[in-house]
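Colleague:
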Amino acid sequence: MRVQRIHPQSIPQKIQAIGTDSMGKKIMNKKAQMLSFEISGLSFEAVHILKQEALSAGGDCATPKETITHKGEHIALLIATRAQLEKIIAKLSMQPFGLKALKNILQQHLKTHSIAPSIMAIINATPDSFYEYSRVEGKNALKRIDTLLEKEVDIIDIGAASSRPGSELIESNEEIARLKPIAEYIATHKLYEKVCFSIDTYNPQTADYALSNGFKMINDVSGFSNGQMIQVAAQYNARVVLMHTKGIPKTMQSLTHNYTHLFNDIDCFFEHKIALLNDAGITDIILDVGFGFAKDTLQNLALIKDLAHFLHFGFPLLIGASRKNTIGEITGRDTQNRLSGTLALHLFALQNGASILRTHDEDEHIDMLKIYKAMQ
Numbered sequence: 007m008r009v010q011r012i013h014p015q016s017i018p019q020k021i022q023a024i025g026t027d028s029m030g031k032k033i034m035n036k037k038a039q040m041l042s043f044e045i046s047g048l049s050f051e052a053v054h055i056l057k058q059e060a061l062s063a064g065g066d067c068a069t070p071k072e073t074i075t076h077k078g079e080h081i082a083l084l085i086a087t088r089a090q091l092e093k094i095i096a097k098l099s100m101q102p103f104g105l106k107a108l109k110n111i112l113q114q115h116l117k118t119h120s121i122a123p124s125i126m127a128i129i130n131a132t133p134d135s136f137y138e139y140s141r142v143e144g145k146n147a148l149k150r151i152d153t154l155l156e157k158e159v160d161i162i163d164i165g166a167a168s169s170r171p172g173s174e175l176i177e178s179n180e181e182i183a184r185l186k187p188i189a190e191y192i193a194t195h196k197l198y199e200k201v202c203f204s205i206d207t208y209n210p211q212t213a214d215y216a217l218s219n220g221f222k223m224i225n226d227v228s229g230f231s232n233g234q235m236i237q238v239a240a241q242y243n244a245r246v247v248l249m250h251t252k253g254i255p256k257t258m259q260s261l262t263h264n265y266t267h268l269f270n271d272i273d274c275f276f277e278h279k280i281a282l283l284n285d286a287g288i289t290d291i292i293l294d295v296g297f298g299f300a301k302d303t304l305q306n307l308a309l310i311k312d313l314a315h316f317l318h319f320g321f322p323l324l325i326g327a328s329r330k331n332t333i334g335e336i337t338g339r340d341t342q343n344r345l346s347g348t349l350a351l352h353l354f355a356l357q358n359g360a361s362i363l364r365t366h367d368e369d370e371h372i373d374m375l376k377i378y379k380a381m382q
């Protein structure tokens with residue numbers, strides 16, 4: 007006899023390897039995928055029904071011990087395989103006390119996405135970006151582009167204004183002046199035919215200038231707070247990165263505790279902004295939870311750990327934790343020595359639902375992606 011323990015993520019490959027028929031593979035894969043949810047705001051009656059339905063389907067639902075006497079916090083932890091959750095959802099559709107609404111929410115979380123992970127490389131055409139070695143200007147910026155093209159990264163994100171915590175906003179004319187030789191180089195050599203260029207800006211005029219020179223994506227660190235940015239994106243049919251943040255770079259870290267519930271607040275932000283983008287005809291959207299933007303270390307780590315929550319929107323997720331302060335707070339290392347911490351956080355992000363990694367260090371991330379893909 008031989009017994010080998012295997013990782014749950016290996017089950018689909020093992021099922022395929024032993025030659026299970028197609029219907030069997032579908033059923034077994036659903037049983038192998040475990041899902042869990044923290045649910046708050048339900049009535050005590052709804053919590054009791056949810057627990058009963060979870061148990062009847064073979065799952066479970068943890069509640070505070072006071073719940074049985076209708077006291078304490080209105081909260082439940084639902085734990086089930088994908089197959090069990092489908093059964094629970096079907097039962098909830100026939101239940102009162104707001105459980106039909108819960109059914110609709112849980113159904114969104116059953117959406118599956120298969121997106122090949124990719125690298126967004128950074129070019130900072132600024133004199134004051136937080137990572138000194140990412141700053142390139144003039145001919146050095148053009149050389150950096152050529153180098154990245156040789157490495158076949160998926161997206162090149164170019165910014166001409168720093169958005170580090172505490173930084174001042176700058177006018178678009180200053181941004182455009184820094185960006186001009188880069189944009190002209192891209193347009194003249196039609197480099198936009200080789201890779202997707204993203205403009206990292208909060209100024210609509212800067213975005214308009216970049217898109218007119220072949221850029222295809224807007225990465226707006228203000229979360230499209232300026233309605234004109236949406237108009238620019240729609241005009242060029244651009245792909246957009248919708249990032250969650252609060253305030254402006256100079257003040258955002260003072261707002262880290264200004265949340266009612268971190269995940270729910272970000273959900274509401276995304277729902278509102280996605281609706282505005284969709285109304286303008288923009289559907290090619292990437293979501294960024296805004297690691298380090300108006301969030302402290304514990305909030306940043308929570309977002310990485312439970313990143314899969316945001317897959318229910320149905321859009322790719324981008325994470326940009328590269329060399330940021332959270333890594334320094336955990337490791338005690340300065341900015342130039344945070345590569346290993348960055349790789350660790352980004353690997354967790356991939357495992358938890360991210361499909362785009364924004365990084366200063368493309369070589370090491372390309373290697374990491376090769377290992378990650380091999381493990382899949």
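Per the numbering used here, residue 7 is the first one in the sequence shown, and the count goes up by one each step.
Heads up, the beta-carbon is just placed ideally off N, CA and C, and yes, glycines get one too.
Give the single residue among P123, F50, R8 whose Cα lies nearest to the Cα of F103.
Modeller: F50
Colleague: Please classify N5: is it buried, with 16 or more other beta-carbons within 10 angstroms of its beta-carbon, or exposed?
Modeller: Residue 5 lies beyond the range of the chain shown here (7 to 382); nothing can be said about it.
Colleague: Based on Cα-Cα distance, which residue from L112, I12, S28, R8 lies nearest to F319?
Modeller: L112
Colleague: Tell me whether the segment 295–311 and the segment 322–334 touch, counting them as touching only if at least three CB pairs, one residue from each stretch, are closer than 8 Å.
Modeller: yes
Colleague: First and last residue of the beta strand (DSSP E) that includes I162?
Modeller: Note, I162: beta strand (DSSP E), 161–165.
Colleague: Could you give the distance in angstroms between the alpha-carbon of V159 and the alpha-carbon of Q382?
Modeller: 20 Å
Colleague: Which residues in the same chain as F297 place their Cβ atom closer than 7 Å to its Cβ, once the five residues preceding and following it in sequence are excluded?
Modeller: N306, L309, I325, G326, A327, K330
Colleague: Evaluate the contact criterion for the segment 83–96 versus the segment 330–339: three or more CB pairs, one atom per stretch, below 8 Å.
Modeller: no
Colleague: When the Cα atoms are used, what is the spatial distance from I121 to S361?
Modeller: 6 Å
Colleague: Based on the DSSP secondary-structure assignment, which residues constitute the bridge partners of V247?
Modeller: N225, I292
Colleague: Starting from S204, follow its DSSP beta bridges and name the residues at the other end.
Modeller: D163, M223
Colleague: Would you report the Cα separation of G287 and A240, rounded to the nearest angstrom?
Modeller: 6 Å
Colleague: With respect to the alpha helix (DSSP H) encompassing M7, which residues constitute its N-terminal and C-terminal limits?
Modeller: For M7, there is no enclosing alpha helix (DSSP H), as DSSP gives it neither H nor E.
Colleague: Would a C-beta distance cut-off of 7 Å place I182 and A147 closer than the cut-off?
Modeller: no
Colleague: Using only CA atoms, which one of Q234, D206, T69, K279 lies nearest to H80?
Modeller: T69
Colleague: Terminal residues of the continuous beta strand (DSSP E) containing L83?
Modeller: 81–87
Colleague: Can you find at least 3 beta carbon pairs, one from the segment 269–288 and one from the segment 234–253, that sit closer than 8 Å?
Modeller: yes
Colleague: Can you find the residues in the same chain that come closer than 6 Å, C-beta to C-beta, to G220, ignoring five residues on each side of it along the sequence?
Modeller: Excluding the 5 residues flanking it on each side, G220 has same chain C-beta neighbours closer than 6 Å at I192, A193, Y198, in chain order.
Colleague: Using 7 Å as the threshold, is the C-beta distance between D163 and M126 below it?
Modeller: yes
Colleague: Quick check on DSSP: helix, strand or coil for R364?
Modeller: strand
Colleague: Quickly, what does DSSP pair S124 with across the bridge? List them, please.
Modeller: According to the DSSP secondary-structure assignment, S124 is paired through a beta bridge with I362.
Colleague: Can you tell me which of the three DSSP states F43 falls into?
Modeller: strand
Colleague: Put N264 into one of helix, strand or coil per three-state DSSP.
Modeller: coil
Colleague: Check A52 in the structure and name its three-state DSSP category.
Modeller: helix
Colleague: The alpha helix (DSSP H) that contains A286, what's its start and end?
Modeller: Careful: A286 lies outside any alpha helix (DSSP H) and carries neither H nor E.
Colleague: With 16 as the cutoff for other CB atoms within 10 Å, does P14 come out buried or exposed?
Modeller: Counting of Cβ neighbours within 10 angstroms places P14 among the exposed residues, the total staying below 16.
Colleague: Only counting the same chain, and skipping five residues up and downstream in sequence, which positions put a Cβ closer than 6 Å to that of A167?
Modeller: I176, E181
Colleague: Indicate whether D302 and T262 have their beta-carbon atoms separated by less than 7 Å.
Modeller: yes
Colleague: Run through the DSSP bridge pairs and tell me what I129 is partnered with.
Modeller: DSSP, once it has assigned bridges, lists I164 as partnering I129.
Colleague: For the structure I just gave you, are there three or more beta carbon pairs, one from the segment 72–89 and one from the segment 30–50, closer than 8 Å?
Modeller: yes
Colleague: Note down the Cα distance separating F342 from G144, rounded to an integer number of angstroms.
Modeller: As written in the sequence, residue 342 is Gln, which differs from the Phe given in the question. Going by the C-alpha atoms only, they are around 23 Å apart.
Colleague: Excluding the 5 residues flanking N358 on each side, which residues of the same chain have their C-beta closer than 8 Å to its C-beta?
Modeller: I310, K311, D312, L313, A314
Colleague: Under a three-way DSSP split, which group does I325 fall into?
Modeller: Here I325 sits in strand by DSSP.
Colleague: For G65, count neighbouring Cβ atoms within 10 angstroms of its own Cβ and tell me buried if that reaches 16, exposed if not.
Modeller: buried
Colleague: What residue range does the alpha helix (DSSP H) around D152 cover?
Modeller: 145–157
Colleague: For a test of the three-state rule: what should DSSP assign to A60, helix, strand or coil?
Modeller: helix
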